[in-house]
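The block underneath contains the structure these notes are about, expressed in structure tokens.
See the structure below:
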């Protein structure tokens, strides 16, 4: 992920504006944290915010994640699956079922 | 995005552990911000951190983004494209080329 | 704030370790966001976390805020009061009482 | 910290607006993370942002930290000093001098 068309659109958007020079991995990591804060702001005082606003903020987070994966030369699907396997080992069904205890305390 | 297989794996992981009860949109938004902080931590004192660690933290951010999109009933590709169109209007190539000035000051 | 003794302790801690070289304003701003994520993690799945853990994470956020204020040459009490005056203008009691609507929509 | 006058001003501001009902510890922890993201935004693409803007965003972070300390019934100076003692043990001068290696790898 994303689809090849979406990836091409994102890359064209950045190329047209000559913004690649600003997209260091570090700046992209900062941008992800900043946008994650804006997404969280939707839920600052309410657990049922406007859905369109949430979708826009979530899209911003994911957009920067796609840019960072690009820079790192990795595919998001691949790293999500690889991390899921690690997490599955840390949280075996037998111990983790129905509770959110940190794996170090399971 | 993600691919149908990755989405199925993520859903099975959560279902097996009976964790869906904890995945309110608000908790997922908090989780995205928390994981974005851990991703940023890779770059806290260095601009060239260990790539494996960065990939794992990026995967955590994206995993929660996938879960939240699921809860909202939206596709990540769709909302990324829709947001890109809005951003393209706010940052016309003519004004934004080569600089990161906020659109309100362009 | 903080008290002169606390400020002196923080400065001595940094000086002894020769860490001032790492404390650029940008690195401190990243550190504040990272520690704010760790504080939020206390509340990721629960609204009643362990108080000692919360206090430690809150202390980390505030410690980096003190270091940043130091770098900027400002006093935290001063900037808090000055910002409070601005916020009071944006949120007049008459309009804001009892609700968390953003000032742009009051 | 803060000074008694600043604390009194912050409390009066909240009381006049009847906002205490929204200031659960969890909402305050979210607010600290949100404001830390806005502070970080000052440094998103530049390491030398406008100082007034930085001061305002830093003030927002600290304001919510003061509110949270209040809710928890603790004094910020006290918890900062207590945490500093713990950190000093994890990072002995002998091992930590001049480098930012995590204590688990010192």
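Residue numbers (the numbering used here), protein chains in the order written: chain U, 1 to 106; chain Y, 107 to 212; chain E, 213 to 318; chain F, 319 to 424. Ideal placement from N, C-alpha and C gives every residue a C-beta, glycine not left out.
Item                                                                                                                                                                                                  : Value
Should residue 31 of chain U be labelled buried (16 or more other beta-carbon atoms within 10 Å of its own) or exposed?                                                                               : buried
Give the straight-line distance between the Cα atoms of residue 412 of chain F and residue 229 of chain E, rounded to the nearest whole angstrom.                                                     : 8 Å
Quick one: Cα of residue 393 of chain F to Cα of residue 270 of chain E, how far?                                                                                                                     : 11 Å
Using the three-state DSSP reduction, which class does residue 377 of chain F fall into: helix, strand or coil?                                                                                       : helix
How would you list, in chain order, the residues of chain Y whose beta-carbon sits under 9 Å from the beta-carbon of residue 82 of chain U?                                                           : 161, 162, 165
Does residue 408 of chain F come within less than 8 Å of chain Y when only Cβ atoms are used?                                                                                                         : no
Tell me the DSSP secondary structure of residue 332 of chain F in three-state form.                                                                                                                   : helix
Could you list which residues in chain Y have their beta carbon closer than 7 Å to that of residue 18 of chain U, in chain order?                                                                     : 203, 204
Just verifying my parser: in three-state terms, what is the DSSP assignment at residue 24 of chain U?                                                                                                 : coil
Label residue 207 of chain Y either buried or exposed according to how many other C-beta atoms from any shown protein chain fall within 10 Å of its C-beta, with 16 as the threshold for buried.      : exposed
Using a Cβ-Cβ cut-off of less than 8 Å, list which residues of the stretch 359 to 370 of chain F approach chain E; keep chain order.                                                                  : 360, 361, 365, 369
Using three-state DSSP, classify residue 347 of chain F as helix, strand or coil.                                                                                                                     : helix
Please work out which residues of its chain come closer than 7 Å, Cβ to Cβ, to residue 1 of chain U, disregarding the five sequence neighbours upstream and downstream, and give them in chain order. : 76, 77
Name the chain E residues whose beta carbon is nearer than 7 Å to that of residue 333 of chain F?                                                                                                     : Chain E residues near residue 333 of chain F: none, gap ~10 Å exceeds 7 Å.
Nearer than 7 Å: is that true of the beta carbon of residue 352 of chain F relative to any heavy atom of the ligand COA?                                                                              : The model on display carries no ligand, and the ligand COA is accordingly not part of it.
Would you mind telling me which residues of chain E sit closer than 8 Å to residue 320 of chain F, beta carbon to beta carbon, in chain order?                                                        : 213, 288, 289, 292
Can you have a look at residue 126 of chain Y and say buried or exposed, based on whether 16 or more other CB atoms are within 10 angstroms of its CB?                                                : exposed
Using a Cβ cut-off of 8 Å (strictly closer), state whether residue 132 of chain Y contacts chain U.                                                                                                   : yes
From this set, E/216, E/296, E/315, which residue's C-alpha is nearest residue 328 of chain F's C-alpha?                                                                                              : E/296
By a C-beta neighbour count over all protein chains shown, 10 Å radius and 16 as the cutoff for buried, is residue 50 of chain U buried or exposed?                                                   : exposed
From the DSSP output, in three-state form, read off residue 3 of chain U for me.                                                                                                                      : coil
Throw me the rounded Cβ distance for the residue 354 of chain F and residue 281 of chain E pair, which I believe falls under 8 Å.                                                                     : Their Cβ separation, rounded to whole angstroms, is 14 Å, which puts residue 354 of chain F and residue 281 of chain E out of contact at 8 Å.
At 9 Å on the CB atoms, spell out the chain U contacts of residue 384 of chain F, in chain order.                                                                                                     : Simply none; closest approach about 17 Å.
Quick one, are the C-beta atoms of residue 171 of chain Y and residue 14 of chain U less than 8 Å apart?                                                                                              : no
Under a three-way DSSP split, which group does residue 98 of chain U fall into?                                                                                                                       : coil
In whole angstroms, what is the alpha-carbon distance linking residue 219 of chain E and residue 178 of chain Y?                                                                                      : 46 Å
Whole-angstrom Cβ separation of residue 414 of chain F and residue 139 of chain Y, contact assumed at under 8 Å?                                                                                      : Incorrect: roughly 29 Å between the Cβ atoms, too far for contact.
Alpha carbons only, please: which of E/310, E/216, E/294 is nearest the one belonging to residue 370 of chain F?                                                                                      : E/294
Under the three-state reduction of DSSP, which class applies to residue 64 of chain U: helix, strand or coil?                                                                                         : helix
Looking at the C-beta of residue 351 of chain F, does it have a partner C-beta in chain U at a distance below 8 Å?                                                                                    : yes
Kindly indicate which three-state DSSP category residue 175 of chain Y falls into: helix, strand or coil?                                                                                             : helix
Is it buried or exposed for residue 212 of chain Y, if we count other Cβ within 10 angstroms and need 16 for buried?                                                                                  : exposed
In angstroms with no decimal places, state the Cα-to-Cα distance between residue 251 of chain E and residue 373 of chain F.                                                                           : 22 Å
Figure out for me which residue from E/235, E/234, E/301, E/256 has the closest Cα to the Cα of residue 134 of chain Y.                                                                               : E/256
Indicate whether at least one CB of chain F lies closer than 8 Å to the CB of residue 102 of chain U.                                                                                                 : no
Would you mind stating whether residue 302 of chain E and residue 315 of chain E have Cβ atoms separated by less than 8 Å?                                                                            : yes
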